Amino acid sequence: MANTGVLPFVRGVDFSRNDFGEGKFPESVRLMTGIQWLKLDHTNLVEIPVEMGKLLKLEHLSLTKNRLEKLFGELTELGCLRTLNIRQNNIKSSGIPAQLFHLEELTTLDISKNNLHEVPEGLEKARSLLNLNLSHNHIETIPNTLFIHLTDLLFLDLSYNQLETLPPQTRRLANLQSLNLNHNPLGHFQLRQLPSLMNLTTLQMRDTQRTLNNIPLSLESLTNLQELDLSQNALPRVPDALYSLPNLRRLNLSDNQISELERKDQTIEMWQKLEILNLCRNKLTALPVSLCKISSLKRLYVNDNELDFKGIPSGIGKLSSLQVFSAAKNRLEMIPEGLCRCGSLKQLILTSNRLITLPDAIHLLTDLECLDLRDNPNLTMPPKPIEVQRGAGIEFYNIDFSLQHQLRLAGANIPAPAQTANSSKDPIARKMRLRRRRDQEEADQDQAKILKGMKDIAKEKNKDSNWEDAKAESLKPKRWDETLEKPPLDYSEFFDEDAGQGPGLSIWEIENFLPNQIEEVAHGKFYEGDCYIVLKTSIDESGSMIWAIYFWIGDKATLDKRACAAIHAVNLRNFLGAQCRTIREEQGDESDEFLMLFESGITYIEGGRTSSGFYTVEDTPKILRLYRVHAAGASIHLEPVAVCAESLDPNYVFVLDCGKNIYMWYGKKAKNTLKSKSRLMAEKINKNERKNKSEIITEMMGSESEEFWKSLGAKGPVKPVEHVDPDFTPVVPRLYQVRLGMGYLELPQVEVPHGKLVNTLLNNRNVYILDCYLDVYVWFGKKSTRLVRAAAVKLSQELFNMIQRPEYALVTRLQEGTESQIFKSKFTGWDEIIAVDFTRTAESVAKTGADLTKWAKQQETKADLTALFMPRQPLMSPTEAQQLMVEWNEDLEAMEAFVLEGKKFVRLPEEELGHFYSGDCYVFLCRYWMPLDVNENDNEEEQCEDDFQCMVYFWQGRDAGNMGWLTFTFSLQKKFKSLFGEKLEVVRTHQQQENLKFMAHFKRKFIIHQGKRKEVKSKDPNQVEFYHLRSNGSTLCTRLIQITPDASLLNSAFCYILNVPFNNDDETGIVYVWIGSKCDNEDARLIEEIAEEMFNNPWISLQILNEGEEPENFFWVALGGKKPYDTDAEFMKYTRLFRCSNEKGYFAISEKCTDFCQDDLADDDIMILDNGKQVYFWPGPRCSDVEIKLAYKSIMVYIQHLRVKQPEKPRRCLPAWKWREPPDFTKCFHGWGLHKRPLD
């Protein structure tokens, strides 16, 4: 086996679910001398491989779900080992060497679910342990010496053992945070050591024979305890010690004998932070009234008790945070109406009760996701209002706004109309009709106001009576530059933003129908079989840009290259907005002006460098593979087998791929479905991979051709026999991602949701290896770097050779977009999407001289409402966001920051990095490591010079003027341009419109202050500062923005910082970090960290406030008094912002990204905002009347569409005027403030 030399640089590998049993462990693992983490889960290992002893830098090792019985000496030689996970094996106490615990770096040890009958000998020597898991074993006693030295333990799990007591030395575990003693016979253990564990946050004692006598009378010292589990202990009442735990968040008292929660001297009001309370399977007859004062309670479980209607307090509606109420198997005949006022309630479980009916207010629980009322035979539900389907839209402006028609245009499924029952004699239906009639009259009045001007259409027809004369006049010959029309194309797909933005020469070559910019060293070297676009940019005396555009045609260039060179030369002119002509230059007949562009002249090179976009005649690759076809759900699985006649089986279909010929062999007992599906697979292979050059030949069993047997290597016909195991299951593919860092490689496995591979797991920035045992595929993303590709090729070779495979196994390399059909079949639902272009407009038809009136009668005026029917943009998962953040920061070598002070830019102090002021401008110079393709003949010095790229981000606050951009253009930008030349890229970005890559460099610590950084300190020192933390669409888009101090802006789903200065001195004061009861835990951790960094001052007091703990004196006074505020941010799941515009020549609606801001509201257009309850109609001050009318009709179609897609979330249309937006509109925008006023 040839060594590629890449293994010493591997830092981590995930070999999980490989079969390494019976001596199959790869010997080449010993060459991974630099490996730091290794996963060998579920690999059928029966002993520690000898090769493990060579991995001296290994820090994290996982060996779960194997068949290990002993741990030999190889592990004791790993001096850097920090984490060892040997969960779920057959290890005995005698099989663990004592030397293993002499490893000084060992901090995490998991020996759970093994065969231990005693604590391993020498475990007390592992003094660095922080996490110890001995659960699910047969341990009966804990040695007294164990906890003498393990004083640094943070997490200890002893559950599911046979322990009867704990040693007195347990009180030495002063740092312990989590203790799990579940399912141990600790009936005689008094827990006297428990009060000494003052840092304990989680204590689990389920089924530990707890009684009122063996629980300490007081646990006041456990002030940090947040989770307590005392279930399955037969307790007659709540132990007194529990009433002294004010910080409890999760309490489980299920499966006991508790009949009441309170007594005269003990109350549960102390549990003000409680979020989850489980009282199932007890003897409760009533819940105490004081339970309604625990406003933080989110989940309440009281199943299988003796509760009736009177047992549930009527004030339970005060639990505004309650999300789950489960009271199954009780004696409820009715539930209090207050329960229906819990606005956050999502699950209401009332199975197996005696319910007769429910309150009418049950229909007001709009957020209810689960209502379980099974096994209530006498239940009668209250009447529910029935919404009658309204009619479809009408044609307006020659546009059919009916829902069915617009769905058909968008390519969506058209729902069948619901059948409406005849309810003419139903009194309830009559009332509903009268109410709808009144609502319809009000709606007609609003519609008449918004659609005012419909009669103008008839007047406009009279004005256009002389249209024929105007048409004849419009068809008069015009100058060539007046007839130019800029087509509605996205030129960013063809040219970079900086193209033609600086003086110099730029050249593009035509490759596969598209322009591809070439490097400066290749300027003047033209291939005879290619075509090029040449752009000369210069600056005149007034400072304006002047462009000259040429397209050069080689003598031997193909037709597609010639045409595309001319087309994209025009596209470049439109992209730049130039008024010049595009000049054609042919090989050997170039103009003098063109030749003067190249100081050293031009050189012709024989042949062509780029490929044609047309199909080229190529020889079919030589392939010889035999596949056995198996059913795989709705698709098929092609299992590679040895290419020989003995592989054939009468029960299956076989595909023999010989390149030019594809043989389909049908066994006599093969299923017809397999025959048709395998035939379709062969047709796809021939069409997509062989350009229809292969011949598909059908071979029936018993009548095979002579060529078929020759292809299998047989001298004559062979009678196939049944030999395939009927229970055969294919090997589950393993998808690896190749990661490349500074001097290391990693090969982790990609987490496959639900065990099904989907093509969305493949990111075009990465390289992946798909190991199917008999086939190893290397998939290269289009945007992956050259170094990662080279590393993936070598890693795939090593991975292929590590595991014993048959001779017919192959390694296949695939580029994104050119995947083979066999590779696509490994993924579920890999669909090919055909793009369709609709660019014809009414204006373009009129300019051709056609009769627009007749044309309009034949077809509708074009309108694009597709965005309204598309699903909401999916949110980026935290894992993907973290991965992007790590990758972009790994490429970042250095970042220098500047801020505008006066009329010049100065360096930004390091402590202010990440802090932005809305009145200032900032410049960030980022140097990225950017490996480029270099020829083998180039020396190393030239390669190093090309291995970086500089990008300048210019950040402008929403209150800052444009003078900062002008100052940067004529100062820093010129300086940077002279230093870095073509490697410099400038990106201008505005506040809250930053791109993700720029945001990733601040690692979610992106703070935006109001005002200017130099003027803020000189203002009122008593000014209160109020900041709001929020993420829009992705954790990468996390910002902490200063907002107006107002209590009504609080929300239980977010976190805030409130800075209250004292005594006219901004150096002293108090800072509150307000944590909403429904906020994300990661956001809570982040805002605490930001607050500690922002206000790192000994004279400033920092307090963490959970919702409901606010002090009256400073907190509410600083916010202008206590006010009602929102307790959820459900709108974040539905918020969408659409833009309606006519700028394309026809009415079109587009959707903004989820990270939109207030400045995305364009004065020239109509904006549509959907927050899940209302659809707001925001007309810009400078929008046209036609846009207003068309946008209103579009909203009606959108609301009608949502009635079908989201019947549980009905919407209504409301107007929102600029400067008078309602709170439900403004809360959808992070950091809403005053609108920008146009400058005179």
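Here the working numbering runs 93 ahead of the position in the sequence shown, where the first position is 1.
We put the beta carbon where it would ideally sit given N, CA and C, even for glycine.
Model, not experiment: these values are computed from the prediction.
Query: Beta-carbon within less than 6 Å of I755's beta-carbon, same chain only, minus the 5 sequence neighbours each way: which residues are those?; Result: A775, S787 and I789
Query: Excluding five sequence neighbours on each side, which residues of the same chain lie with their C-beta closer than 7 Å to the C-beta of E362?; Result: S383 and K386
Query: Would E1078 and Q1049 qualify as a contact pair, given that the criterion is a beta-carbon distance under 8 Å?; Result: no
Query: Taking the beta carbon of V999 as the centre, do at least 16 other beta carbons fall within 10 Å, making it buried, or is it exposed?; Result: exposed
Query: Can you name the start and end residues of the beta strand (DSSP E) that C657 belongs to?; Result: Premise fails: C657 lies in the alpha helix (DSSP H), L652 to L669, not in any beta strand (DSSP E).
Query: Would DSSP call Q594 helix, strand or coil?; Result: coil
Query: Comparing alpha-carbon positions, which option in S388, C1019, V831 and L164 lies nearest F1073?; Result: C1019
Query: Short check: CB of I695 to CB of F619, under 8 Å?; Result: yes
Query: For K1096, does the three-state DSSP call read helix, strand or coil?; Result: coil
Query: How many angstroms separate the CA atom of Q286 from the CA atom of P261?; Result: 7 Å
Query: Determine the closest residue to M963 out of G1007, L1001 and C1246, with distance taken between C-alpha atoms.; Result: C1246
Query: Under the assumption that I1101 contacts R1123 (Cβ atoms under 8 Å), give the Cβ distance between them as a whole number of angstroms.; Result: Wrong, their Cβ atoms sit about 11 Å apart, outside the cutoff.
Query: For a quick check, are the C-beta atoms of G760 and K715 less than 8 Å apart?; Result: no
Query: Could you tell me the distance, in whole angstroms, from the CA atom of S970 to the CA atom of F402?; Result: 44 Å
Query: Does DSSP classify R1123 as helix, strand or coil?; Result: strand
Query: With distances taken between CB atoms, is the gap from G1265 to Y1291 smaller than 8 Å?; Result: no
Query: Is W870 near F801, with beta carbons less than 8 Å apart?; Result: Per the sequence shown, the amino acid found at residue 870 is Tyr instead of Trp. No. Outside cutoff.
Query: Taking only three categories from DSSP, how would you classify W1271?; Result: strand
Query: If you pair each beta-carbon of the region 452 to 471 with each one of the region 426 to 441, do three or more pairs fall below 8 Å?; Result: yes
Query: Would V746 and S771 qualify as a contact pair, given that the criterion is a beta-carbon distance under 8 Å?; Result: yes
Query: Please classify P1300 as buried or exposed, where buried requires at least 16 neighbouring CB atoms within 10 angstroms.; Result: exposed
Query: Are at least three pairs of beta-carbons, each pair with one atom in the region 361 to 375 and one in the region 387 to 401, less than 8 Å apart?; Result: yes
Query: What is the DSSP secondary structure of V103, reduced to helix, strand or coil?; Result: strand
Query: Can you look up T1161 in the DSSP assignment and give me helix, strand or coil?; Result: strand
Query: Starting from I1134, trace the alpha helix (DSSP H) both ways and give me its first and last residue.; Result: From DSSP, I1134 is part of no alpha helix (DSSP H) but of the beta strand (DSSP E) over T1131 to I1136.
Query: Are the beta-carbon atoms belonging to Q302 and N326 less than 8 Å from one another?; Result: yes
Query: Taking 8 Å as the limit between beta carbons, can you name the residues of its chain near L138, skipping five residues before and five after?; Result: F113, G114, F118, L156, N159, R160 and L161
Query: With burial defined as no fewer than 16 other Cβ atoms inside 10 Å of the residue's Cβ, what is the status of N857: buried or exposed?; Result: exposed
Query: Assess, as a yes-or-no matter, whether the region 875 to 886 is touched by the region 852 to 867 under the definition of 3 or more beta carbon pairs within less than 8 Å.; Result: yes
Query: Once DSSP output is grouped into helix, strand and coil, what is the label at V1166?; Result: strand
Query: Would you call the CB atoms of L199 and R180 closer than 8 Å?; Result: no
Query: Count the other C-beta atoms from every protein chain shown that fall within 10 angstroms of the C-beta of H661, then say buried if there are 16 or more, exposed otherwise.; Result: buried
Query: So, using beta-carbon positions, are C673 and I646 closer together than 8 Å?; Result: no
Query: Shorter than 7 Å, the distance from the beta carbon of I1193 to the closest heavy atom of the ligand MG, or not?; Result: For the ligand MG, the structure offers nothing, since it holds no ligand at all.
Query: Where E1011 and A1211 are concerned, what is the direct C-alpha to C-alpha distance, given to the nearest angstrom?; Result: Looking at the sequence itself, residue 1011 is Ser, so the reference to Glu does not match. Each residue's alpha carbon lies about 23 Å from the other.
Query: Please return the same chain residues whose Cβ sits closer than 8 Å to the Cβ of L968, not counting the five positions on each side in sequence.; Result: G1126, S1127 and T1247
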